[in-house]
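A short write-up of the structure that comes next.
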Amino acid sequence: MATYWDPFAEMDRLVGSVAGTLSGAARGAATMPMDLFREGDHYVLAVDLPGVDPGTIDVSAEGRTLTVRAERTPRSGDAEWLVRERPAGTFARQLTLGRGLDLDRISASYADGVLSLTIPVAEEARPRRIEVTHAGTPRSIEPGAEQAAGQGSVEPATAG
């Protein structure tokens with residue numbers, strides 16, 4: 001078996017390993033990379049979770065905090081590791097969600113190692129068009145419109 005050794009790559013790996021150990025938050029973020037974008041009337045959160053057992057994925061919303069938790073189990077056995085870069089264990093990410101989202105209608109799916117969450121914008125927070133009327137523009141009222149609106153009838157004044 002031929003062995004290839006690159007001392008610079010090995011130094012990068014060691015420095016990355018030490019930096020990851022010193023900064024647990026950075027290491028956690030690196031093991032659960034994500035994308036977040038808006039598409040129409042909902043947001044999409046895509047979290048990379050390759051090699052994770054779908055049964056270990058837990059998504060919860062408490063207050064305005066969304067938590068994604070998953071577990072990747074280590075390979076068991078008597079393997080002789082040549083390179084071991086895929087971390088194992090429990091991983092978690094938390095996001096604080098802003099107001100105007102419908103947290104009761106969040107949906108989640110897991111396919112091809114990617115967890116996709118769809119977070120709808122709440123109906124009251126969706127943009128809507130408001131009609132503007134111009135001052136001084138005459139407005140016609142159809143006869144009987146006041147009665148239909150429950151405002152009673154208006155009798156014309158007569159001279160007499």
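For the record, in the sequence shown the residue sitting at position 8 is 8 according to the working numbering, with numbers rising by one throughout. Ideal Cβ positions, reconstructed from N, Cα and C, are used throughout, including at glycine. Predicted model only: the values in this text are computed from it and were never measured.
Taking 3 residues as the minimum length, the beta strand (DSSP E) runs contained wholly in the stretch 37 to 102 are 42 to 48, 58 to 62, 65 to 72 and 89 to 96, in order along the chain. Under the 10 Å beta carbon count, Ile130 is surrounded by fewer than 16 other beta carbons and is classified as exposed. Contact check for Ala88 against Arg72 passes: the beta carbons are separated by less than 8 angstroms. By the criterion of at least three beta-carbon pairs nearer than 8 angstroms, the stretch 111 to 122 is not in contact with the stretch 75 to 89. When DSSP states are grouped into helix, strand and coil, Thr118 belongs to the strand group.
Remark: C-beta atoms of Val114 and Val44 do not approach each other more closely than 8 angstroms. Within its own chain, the residues whose Cβ lies closer than 7 angstroms to the Cβ of Tyr110, once the five positions on either side in sequence are excluded, are Pro54 and Ile57, listed in chain order.
The closest CA to that of Asp41, considering only Asp112, Val132 and Gly100, is found on Gly100. Beta-bridge annotation (DSSP): Asp35 is paired with Ala46.
Going by DSSP, Ala135 is part of no beta strand (DSSP E) at all; its letter is neither H nor E.
The alpha carbon of Arg38 has as its nearest neighbour, out of Thr65, Val132, Ser116 and Glu62, the alpha carbon of Ser116. Per the coordinates, the alpha-carbon of Arg128 lies some 36 angstroms from the alpha-carbon of Met32.
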